[in-house]
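Worksheet: one structure, shown below.
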Amino acid sequence: MEKRIELEMRGLKPDKVVELNLDNCRSTSIVGLTDEFINLETLSLINVGLTSLKGFPKLPNLRKLELSDNRISGGLNLLHASPKLTHLNLSGNKIKDLDTLEPLKEFKNLKNLDLFNNEATSMDNYREKVFNLIPSLKYLDG
Numbered sequence: 096m097e098k099r100i101e102l103e104m105r106g107l108k109p110d111k112v113v114e115l116n117l118d119n120c121r122s123t124s125i126v127g128l129t130d131e132f133i134n135l136e137t138l139s140l141i142n143v144g145l146t147s148l149k150g151f152p153k154l155p156n157l158r159k160l161e162l163s164d165n166r167i168s169g170g171l172n173l174l175h176a177s178p179k180l181t182h183l184n185l186s187g188n189k190i191k192d193l194d195t196l197e198p199l200k201e202f203k204n205l206k207n208l209d210l211f212n213n214e215a216t217s218m219d220n221y222r223e224k225v226f227n228l229i230p231s232l233k234y235l236d237g
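Taking our numbering, the leading residue of the sequence shown gets 96, the next gets one more, and so forth.
Laid out in structure tokens, this is it:
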């Protein structure tokens, strides 16, 4: 992951990078992404193989986070240092229940959440429960 980050930076300093695409770079954890990326607005980690968000850096300007097709089952509280988050894609992960989503209620700007292809989506009144949990939400799974 560290080599891919360096490649994607294209010679820029971390605080100048606004968008980072690390899709398919195979890693079970977040490595090489640091708090120095203070102006990062979009981060894509699709199909990386992440099992955890441990090590997720403080990204105060992050607005869009793509985490689809990983193996994340919890630890969403580790995203707390990204209060401007508006879009979060967790489709195709291992989220089993609404308790796992509890930390997301703190995100006052979260408008779009995708949980498609997670076990939690099969529970009764799933959509209603998620909208009640996260009042700022406008779009769920689409």
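Here a beta-carbon is modelled for each residue, glycine too, at the ideal position from N, C-alpha and C.
Counting along the chain, no alpha helix (DSSP H) covers K149, and no H or E run does either. The Cβ neighbour count for V126, taken over all protein chains shown within 10 Å, is under 16; the residue is labelled exposed. Separation of L180 and P152 (C-alpha to C-alpha, rounded to the nearest whole angstrom) is 14 Å.
In the three-state reduction of the DSSP assignment, K159 falls in the strand class.
As computed with DSSP, H182 is found in a beta bridge with K159 and N207. In this structure, the CA atom of L235 is about 28 Å from the CA atom of L128. In this structure E136 touches N156 by the C-beta definition: roughly 6 Å separates them, less than 8 Å.
If only uninterrupted beta strand (DSSP E) runs of at least 3 residues are considered, those enclosed by the region 107-131 are 114-116. Judged by DSSP in its simplified three-state form, L138 adopts strand. For L232, the three-state secondary structure derived from DSSP is coil. For M96, the closest of G144, I133 and D110 by C-alpha to C-alpha distance is G144.
By the criterion of a C-beta distance shorter than 6 Å, S177 is surrounded in its chain by L154 and L157, once the five residues flanking it on both sides are discounted. Contact between A215 and K191 holds, with the beta-carbon distance rounding to 6 Å and staying under 8 Å.
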